[in-house]
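*Asks:* The sequence shown lines up with residues 1084 to 1189 when you count with our numbering.
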Amino acid sequence: MKIRKIVCRCEDLTEEDIIRAIEEGYDDIESLKRYTGATTGPCQGKGCLMHIIRILSQKTGKKPEEIGVTVQRPPVNPVPIFVLVEGESEESEESEGKVEGLNKIR
């Protein structure tokens, strides 16, 4: 029985998948991300990015500092969905209370 070493749980990518992609020529972090979907799941790379950088480093001979990290795309900070759903012209007292509560949290 072959053991699967899961690297990216969100996208169900194994170490073998990452190595195969590197061997196919996706040997920088951004092209590897676009080809495999690694770091694009719900965790946004928090669980897999360092593992992928380690594998890239081993396979390409580059230092982790040379590899870098993936580019983060906005929004970097999550926005509560009610802020996006409710329009300014249709604000209710309830939504104003939610926004005030949100501002207190920040």
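Ideal Cβ placement from N, Cα and C applies to all residues, glycine included.
1) Can you tell me which of Glu1098, Ile1086 and Met1084 puts its alpha carbon nearest to the alpha carbon of isoleucine 1135?
2) Hey, would you say glutamate 1094 sits closer than 8 Å to alanine 1121, going by beta carbons?
3) If I'm right that isoleucine 1105 touches leucine 1139 with Cβ under 8 Å, what's the distance once you round it to whole angstroms?
4) For valine 1090, count neighbouring C-beta atoms within 10 Å of its own C-beta (all shown protein chains included) and say buried if the count is 16 or more, exposed if not.
5) Counting along the chain, where does the beta strand (DSSP E) carrying valine 1090 start and finish?
*Replies:* Taking the definition as stated:
1) Nearest of Glu1098, Ile1086 and Met1084 to isoleucine 1135, Cα basis: Glu1098.
2) In this structure, the beta-carbon distance from glutamate 1094 to alanine 1121 falls below 8 Å.
3) Separation of the CB atoms of isoleucine 1105 and leucine 1139 is rounded to 7 Å, and the pair is thereby assigned contact status at 8 Å.
4) Taking all protein chains in view, the Cβ of valine 1090 is crowded by 16 or more other Cβ atoms within 10 Å, so the residue is classified as buried.
5) First-last of the beta strand (DSSP E) with valine 1090: 1089–1091.
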